[in-house]
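Enquirer: Numbered by my numbering, the letters in the sequence shown go through residues 747 to 820 in order.
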Amino acid sequence: WLTFFGTAFPWILLANIAMIILWAWRRNRFALYHLGILILGWQYITGFIGFDFGKDAVPEGAVVVATHNIGGLF
Numbered sequence: 747w748l749t750f751f752g753t754a755f756p757w758i759l760l761a762n763i764a765m766i767i768l769w770a771w772r773r774n775r776f777a778l779y780h781l782g783i784l785i786l787g788w789q790y791i792t793g794f795i796g797f798d799f800g801k802d803a804v805p806e807g808a809v810v811v812a813t814h815n816i817g818g819l820f
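#1: Taking Cβ positions, are residue 788 and residue 780 nearer each other than 9 Å?
#2: Between 759, 751 and 777, which has its C-alpha nearest residue 792's C-alpha?
#3: Tell me, to the nearest whole angstrom, how far the beta carbon of residue 777 is from that of residue 766; I am working on the premise that it is less than 8 Å.
#4: Quick check: residue 794 and residue 751, are their CB atoms within less than 9 Å of each other?
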């Protein structure tokens, strides 16, 4: 069941951002609570969505090998 709820993470994240915008517009302190939650979970958010801030830059002239795991396809 836990993995099933993990698929709802993007929707929960969008709802959280929408509530931050709404509460910030209404100048409610709950916006700060939810902003803190986003800051505390930033590592999980970037891991789930896959932001690339240039951490693994490939040097110029390097050979890049890409494979596809299709062993169970047939």
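Where a beta carbon is used, it is the ideal one built from N, C-alpha and C, also for glycine.
Expert: Put simply:
#1: Taking the sequence shown and counting its residues from 1, one reaches residue 788 at position 42. Taking the sequence shown and counting its residues from 1, one reaches residue 780 at position 34. No, the Cβ-Cβ distance between residue 788 and residue 780 is not below 9 Å.
#2: Numbered from its first residue, the sequence shown carries residue 792 at position 46. For residue 792, the nearest C-alpha among the options comes from 759.
#3: Mapped onto the sequence shown, residue 777 falls at position 31. Mapped onto the sequence shown, residue 766 falls at position 20. Contact flag correct, Cβ pair sits at about 5 Å.
#4: Counting from one through the sequence shown, the residue named residue 794 turns up at place 48. Counting from one through the sequence shown, the residue named residue 751 turns up at place 5. No; because the gap between Cβ atoms is not below 9 Å, this pair is not in contact.
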